[in-house]
Amino acid sequence: MDDRWGISSRRLHETLIGGKWVASTGDQLIRVTDPSYDRPICFVRESSPENVDEAVAAAAAVLPVLRNLSIEGRIARLEALERELELRAPALALAISEQIGMPLQHCLNHQIAGAIAVVPQTIEALRSLDFTERIGRSVVTREPVGVVAAITPWNYPLFQMLSKIAPAFAARCPVVLKPSEVTPVDALILAEALEAADFPPGAVNLAFGTGPQIGEQLIRDSRVSMVSFTGSTHAGRRVAALAASRIKRLSLELGGKSPSIVLPSSQMEAAVAATVHSAMINSGQRCTALSRLIVPMEDLAFVEHLAATAAAKYVVGPADLADSDLGPVANLNQRHRVTDHIERAHIDGARVVWSYPSDALPTRGYFVAPHIFTAPDPNIALAQQEVFGPVLTILPYAGEDDAVAIANGTEYGLNAAVWARTDDEACGFASKVQAGSIDINGANWNGLAPFGGYKQSGIGRELGAHGILGFTEIKSVQMPRS
Numbered sequence: 001m002d003d004r005w006g007i008s009s010r011r012l013h014e015t016l017i018g019g020k021w022v023a024s025t026g027d028q029l030i031r032v033t034d035p036s037y038d039r040p041i042c043f044v045r046e047s048s049p050e051n052v053d054e055a056v057a058a059a060a061a062v063l064p065v066l067r068n069l070s071i072e073g074r075i076a077r078l079e080a081l082e083r084e085l086e087l088r089a090p091a092l093a094l095a096i097s098e099q100i101g102m103p104l105q106h107c108l109n110h111q112i113a114g115a116i117a118v119v120p121q122t123i124e125a126l127r128s129l130d131f132t133e134r135i136g137r138s139v140v141t142r143e144p145v146g147v148v149a150a151i152t153p154w155n156y157p158l159f160q161m162l163s164k165i166a167p168a169f170a171a172r173c174p175v176v177l178k179p180s181e182v183t184p185v186d187a188l189i190l191a192e193a194l195e196a197a198d199f200p201p202g203a204v205n206l207a208f209g210t211g212p213q214i215g216e217q218l219i220r221d222s223r224v225s226m227v228s229f230t231g232s233t234h235a236g237r238r239v240a241a242l243a244a245s246r247i248k249r250l251s252l253e254l255g256g257k258s259p260s261i262v263l264p265s266s267q268m269e270a271a272v273a274a275t276v277h278s279a280m281i282n283s284g285q286r287c288t289a290l291s292r293l294i295v296p297m298e299d300l301a302f303v304e305h306l307a308a309t310a311a312a313k314y315v316v317g318p319a320d321l322a323d324s325d326l327g328p329v330a331n332l333n334q335r336h337r338v339t340d341h342i343e344r345a346h347i348d349g350a351r352v353v354w355s356y357p358s359d360a361l362p363t364r365g366y367f368v369a370p371h372i373f374t375a376p377d378p379n380i381a382l383a384q385q386e387v388f389g390p391v392l393t394i395l396p397y398a399g400e401d402d403a404v405a406i407a408n409g410t411e412y413g414l415n416a417a418v419w420a421r422t423d424d425e426a427c428g429f430a431s432k433v434q435a436g437s438i439d440i441n442g443a444n445w446n447g448l449a450p451f452g453g454y455k456q457s458g459i460g461r462e463l464g465a466h467g468i469l470g471f472t473e474i475k476s477v478q479m480p481r482s
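Heads up: the sequence shown begins at 1 in UniProt numbering, then just goes up one per residue.
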């Protein structure tokens, strides 16, 4: 038993298929690294092609069982899953903290609490749904789409897994889950929770490995009816191409370059502080990060002062230290990526408003100095491309039309925030913003609302009732005239 994570060490070489723990038989060991100290914390055995085939077969075999599982039966198992996850919350937080470098207390608050909340929110949404409706002489029903391949990222691993598993199960769809190879440990803990919650054998199956090997095998499998993928837009295009060639149902939650638009005479201090927090939390590794702060030209100097003051409060350090607010980025490739963006910003003429003192960074691990820039042009790379690191770009505008153009001037459209004197004014501006989710004057996240993006930020919606219905097919049965 690994006392830190509450799982047996043999689990690192096993996978859950058809309700049974079986040996992973892949050739490779996945090195799981602690990015705070650049050291291995464990090795997980990769799944073999045979493991993946067995996982899909187990999912296909349980389809008739799930089709006949009542709403009450699904709710009972989801309620049990919530209880099992709560019991494992400390272990899950520790595993995620060690794997991606997010400070432990922030993991409990941001990673675990929000992730577990997906389960009761799915229950609430399921209770609200009617899977049958009458339209004239037609009876229209929602039926499960079939076997789902769920491919999830490392940045919010538990949240992403539950955002696919819970609504798919609510829709009576079995899942083959391929978690990120960066964060396999929390997937193992989740699998034990699913087992303890008495999910039907085969309702959720695991496959460990990389996207090009395991993920693509799943997408190509004719028994898989739907692919639900969260990751970068670059990887999403590959997933979409493979799925399209086989006419599979597809859900993509991809990248973002989300704007926080501050209108004149709004809550400037609150807007800037909230935007800095959004850009920096989890070291900026969030698809929804508000990474562009769009402000009135006349307020630029004041905004820069507010942003620098807010950012200076953050302490960068290893995830296991109690006073750390921001940890490292998750891996070496991430550090190279973020550092390259920062260097390119200097070349493109972006002005540094604030940066974390480089001599205060830990000398070991994948640490990057957080930065705030003011961009000379909204078309430079820093203002257009997803950095996925602790970098905020300030963009001044001259008039509302200019603000709208800057806000909508990227290929992304996932998330946004609008700050104004009144909610009505903010909503009026929000109607012009191309984004799937928009926060008004600091509004809180609503896990029952559909989530997804415009443009290159994705296809489809997750969470709540819309998320459940995304895993269904529509059947119309025409009745004869009486």
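For every residue, glycine included, the Cβ atom is placed at its ideal position computed from N, Cα and C.
Return the first residue and the last residue of the beta strand (DSSP E) that residue 416 is part of.
415-419
Beta-carbon proximity check, residue 372 vs residue 392, cutoff 8 Å
yes
Closest residue to residue 88 among 325, 110, 193 (Cα-Cα distance):
193
Going by beta carbon distance, what residues of the same chain come within less than 8 Å of residue 124, once the five residues before and after it are set aside?
448
Does any heavy atom of the ligand PLP sit closer than 7 Å to the C-beta of residue 212?
The ligand PLP is absent from the structure shown, which contains no ligands of any kind.
Can the beta-carbon of residue 120 be found closer than 8 Å to that of residue 152?
no
Between residue 234 and residue 307, what straight-line distance do the alpha-carbon atoms span, to the nearest angstrom?
Take the alpha-carbon of residue 234 and the one of residue 307: they are about 31 Å apart.
When DSSP labels each residue in this structure, what does residue 474 get in the three-state scheme?
strand
With a CB to CB cut of under 7 Å and the five nearest residues on each side skipped, what residues in its chain are close to residue 432?
404
Beta-carbon within less than 6 Å of residue 458's beta-carbon, same chain only, minus the 5 sequence neighbours each way: which residues are those?
252, 253, 254, 452
Label residue 477 either buried or exposed according to how many other C-beta atoms from any shown protein chain fall within 10 Å of its C-beta, with 16 as the threshold for buried.
Around the beta carbon of residue 477, a 10 Å sphere encloses fewer than 16 other beta carbons of the protein chains shown; the residue is thus reported as exposed.
When you compare the CB positions of residue 426 and residue 406, do they come within less than 8 Å of one another, or not?
no
Let me make sure I understand the geometry here. Which of 134, 203, 117 has the alpha-carbon closest to that of residue 165?
203
Tell me which residue opens and which closes the alpha helix (DSSP H) that residue 183 is part of.
Taken as a continuous stretch (DSSP letters only), residue 183 belongs to no alpha helix (DSSP H), as it is neither H nor E.
Looking only at its chain, what residues have a beta carbon closer than 6 Å to the beta carbon of residue 320, apart from the 5 residues adjacent to it on each side?
none
How do the stretch 203-219 and the stretch 51-64 stand: do at least 3 beta-carbon pairs fall below 8 Å, yes or no?
The stretch 203-219, when compared against the stretch 51-64, does touch it at the 8 Å Cβ threshold.
Got a sec? Which residues, its chain only, sit under 8 Å from residue 105 by beta carbon, not counting five neighbours each side?
322
Output the distance between the C-alpha atoms of residue 80 and residue 198, rounded to the nearest integer angstrom.
8 Å
Buried or exposed for residue 340, going by 16 or more other Cβ atoms inside 10 Å?
exposed
Bridge partners for residue 427 per DSSP, in chain order?
Beta-bridge pairing links residue 427 to no other residue.
Under three-state DSSP, which class holds residue 1?
Legend: pLDDT at residue 1 = 44, less than 50; position of this residue unreliable, value from coordinates given subsequently. Three-state DSSP puts residue 1 in coil, outside helix and strand.
Going by DSSP, what residue range makes up the beta strand (DSSP E) through residue 373?
Annotation: the continuous beta strand (DSSP E) that includes residue 373 extends over 371-374.
My assumption, with CB atoms under 8 Å, is that residue 219 sits in contact with residue 149. Please give the rounded CB distance.
6 Å
To which residues of the same chain is residue 299 closer than 7 Å at the C-beta, ignoring the five residues directly before and after it?
For residue 299, where only same-chain residues beyond five positions count, the Cβ hits under 7 Å are 268.
Got a sec? Which residues, its chain only, sit under 6 Å from residue 349 by beta carbon, not counting five neighbours each side?
376
Let me know the secondary structure DSSP gives residue 524 once reduced to three states.
One cannot answer for residue 524 here, as it falls past the ends of the chain, which runs 1 to 482.
Examine the Cβ distances between the stretch 272-289 and the stretch 326-340 and report whether three or more of them are shorter than 8 Å.
yes
Where residue 460 sits in the DSSP three-state scheme
In the structure shown, residue 460 sits in coil (DSSP, three-state: anything other than H, G, I, E or B).
What is the rounded straight-line gap between the Cα of residue 16 and the Cα of residue 57?
13 Å
Since residue 467 contacts residue 454 with CB under 8 Å, what's their CB separation in whole angstroms?
Contact doesn't hold; Cβ gap of about 17 Å is too wide.
Beta bridge counterpart(s) of residue 53 as assigned by DSSP:
The partner list for residue 53 (beta bridge, DSSP) is empty, contrary to what the question assumes.
Contact defined as beta carbons within less than 8 Å: I believe residue 513 pairs with residue 409. What is the distance between those atoms, to the nearest angstrom?
What is shown of the chain runs 1 to 482, which leaves residue 513 out entirely.
If you follow the beta strand (DSSP E) that residue 142 is part of, which residue opens it and which one closes it?
138-144
Could you tell me the distance, in whole angstroms, from the CA atom of residue 222 to the CA atom of residue 242?
12 Å
CA-CA distance, residue 470 and residue 213?
26 Å
Could you spell out where the beta strand (DSSP E) holding residue 149 opens and where it closes?
First-last of the beta strand (DSSP E) with residue 149: 147-151.
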